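In what follows, a single structure is set out as C-alpha cells and then discussed.
In C-alpha cells:
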C-alpha cells in the first residue's frame, strides 16, 4: 500500500485554509492525502506530527509563519514548507529557512499545482524506504518500516517481528509505539499488539490473519474500529 501524503495547513483565515485543502484534494484525490488544518501557530506546534508538507501563513497572531518555520527546522529538515503570504518582503528570510516555495496571496491554483508537481516528484523519490531506529537486545538497529510486521508486548518488553523472521526485544509500550507509528498506518487491535496494516491478509471472527498465517487477537472493543481501518486501507489500495 502506498503511503498517503500528510499535509498541514496553518493559517488563521479559515476560508483560505479550506480553499487550499480543496485544491490539494483536487490535485491528488481525496484518498491519497491526509490534511490537518490549524488556525494558530500554537496549535500546530502542539500537534507534534510528522508532515510531508506544511503550508504556512506569515502574518498570524502570536507565532508567525517565520517563527514556526524556524521551530520546524530545529527538529525536521525534511518536511517541505510552502509559505503562502500576501507579504513578499519576507521571501528572503523564508528561503534562508529552506522553504520549498513562497506563493503569493491571492493563491493562484495553476501556480500551486506547478509547485505540487515539483514536490510530488521529490516525495516519490524520498519515500521509497523509510527507516526507524530501535535500541534493542542486539544493540542499536536501523529497520525499514515496511519490513516490520508487528509489535507484541510481553513480560514488560516489546517483541518486534520482521518479515524475514528476525525478532528484536526492547523496553517500550504499545501506546507509545502506536503514537510513533500511526503515520505509517500501524493499528492496535489489542492492548498487547501493534500491527502493520500492509501484512493483514484477512479478518476472521475475533482475529487478524497476517502473512505467514500469524494470528493476532482483536479485542471486542476494537473490532469495529479495526475492521473499518482494514476496509478503508483496501479501498485506498484499489484506488491507486
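Residue numbers (the working numbering): 540 to 779.
The beta carbon of each residue, even a glycine, is placed where N, CA and C say it ideally should be.
Treat the numbers as computed from the prediction; the structure is a model and nothing was measured.
Checklist entry - How about the region 633–644 and the region 568–577: do they share at least three Cβ pairs that are nearer than 8 Å? => result no
Three-way DSSP call (helix, strand, coil) for residue 645 in this model:
Working through the chain shown from its first residue, we reach residue 645 at position 106. Of the three classes helix, strand and coil, the one that applies to residue 645 here is coil, per DSSP.
Which runs of the beta strand (DSSP E) spanning at least 3 residues fall entirely within the region 541–627, listed in chain order? 544–549, 572–577, 592–595 and 619–624
>> By the three-class DSSP mapping on this structure, what secondary structure does residue 766 have?
In response: As a working note, residue 766 is residue 227 in the chain shown. Helix, per DSSP.
Would you decide whether residue 728 is buried or exposed? Buried here means 16 or more other CB atoms lie within 10 Å of its CB. Taking the first residue of the chain shown as position 1, residue 728 is located at position 189. Classification of residue 728: buried, given that the 10 Å Cβ count is 16 or more.
Where residue 689 falls: helix, strand or coil (DSSP): Within the chain shown, numbered from 1, the residue matching residue 689 stands at position 150. Strand at residue 689.
Flag this pair as touching only if the region 554–568 and the region 602–614 have three or more C-beta atom pairs under 8 Å; answer yes or no. no
| message | By the three-class DSSP mapping on this structure, what secondary structure does residue 771 have? | response | Working through the chain shown from its first residue, we reach residue 771 at position 232. Helix.
So if DSSP puts residue 811 in a beta bridge, which residue, or which two residues, is it bridged to?
This structure leaves residue 811 out entirely; the chain is present only between 540 and 779.
- Message: Quick check on residue 781: does DSSP put it in helix, strand or coil?
- Response: The requested residue 781 does not occur in the structure, where the chain is confined to residues 540 to 779.
Can you name the residues that DSSP bridges to residue 728? Stepping through the chain shown from its first residue, residue 728 is reached at position 189. Answer by DSSP bridge pairing: none, since residue 728 is not bridged.
* Asked: Do you know how far the Cα of residue 720 is from the Cα of residue 765?
  -> One-based indexing of the chain shown puts residue 765 at position 226. One-based indexing of the chain shown puts residue 720 at position 181. One C-alpha to the other measures close to 16 Å.
Worksheet item: Just curious, the alpha helix (DSSP H) that residue 714 is in, first and last residue?
Response: In the chain shown, residue 714 corresponds to position 175, counting from 1. Unbroken alpha helix (DSSP H) run through residue 714: 713–720.
Original post:
Between the C-alpha atoms of residue 752 and residue 599, what's the straight-line distance to the nearest angstrom?
Top reply: The residue given as residue 752 occupies position 213 in the chain shown. The residue given as residue 599 occupies position 60 in the chain shown. Straight-line Cα distance between these residues: approximately 53 Å.
- Task: Please report how far the alpha carbon of residue 541 lies from the alpha carbon of residue 592, in whole angstroms.
- Result: Numbered from 1 along the chain shown, position 2 holds the residue referred to as residue 541. Numbered from 1 along the chain shown, position 53 holds the residue referred to as residue 592. Annotation note: pLDDT 48 at residue 541 (below 50); position unreliable, coordinate value reported separately. Those two C-alpha atoms are separated by around 17 Å.
Item to complete: For residue 767, count neighbouring Cβ atoms within 10 angstroms of its own Cβ and tell me buried if that reaches 16, exposed if not.
Response: Counted from its first residue, the chain shown places residue 767 at position 228. Classification of residue 767: exposed, given that the 10 Å Cβ count is below 16.
Quiz item: Which of helix, strand or coil does DSSP assign to residue 704?
Solution: Within the chain shown, residue 704 is the residue found at index 165, counting from 1. Three-state DSSP puts residue 704 in coil, outside helix and strand.
* To do: Could you tell me how far apart the beta carbons of residue 556 and residue 595 are, in whole angstroms, since I believe they sit closer than 8 Å?
  => As a working note, residue 556 is residue 17 in the chain shown. As a working note, residue 595 is residue 56 in the chain shown. The pair is not a contact, with the Cβ atoms about 11 Å apart (cut-off 8 Å).
Practice task
Mind checking who residue 674 pairs with in its DSSP beta bridge?
Solution key: For this step, residue 674 is matched to residue 135 along the chain shown. The partner list for residue 674 (beta bridge, DSSP) reads 679.
query = Taking three-plus beta-carbon pairs below 8 Å as touching, is the region 700–710 in contact with the region 652–669?
reply = no
For residue 736 versus residue 748, is the C-beta distance shorter than 8 Å? Position 197 of the chain shown, counting from 1, holds the residue named residue 736. Position 209 of the chain shown, counting from 1, holds the residue named residue 748. No, the pair does not count as a contact, with Cβ atoms beyond the cut-off.
From residue 779 to residue 572, what distance separates their C-alpha atoms?
What you label residue 779 is simply residue 240 of the chain shown in a count that begins at 1. What you label residue 572 is simply residue 33 of the chain shown in a count that begins at 1. Note on residue 779: pLDDT 48, under 50, position unreliable in the model; no value is reported.
| query | Which partner residues does residue 746 have in the DSSP bridge list? | reply | The residue labelled residue 746 in the question sits at position 207 within the chain shown. The partner list for residue 746 (beta bridge, DSSP) reads 743 and 756.
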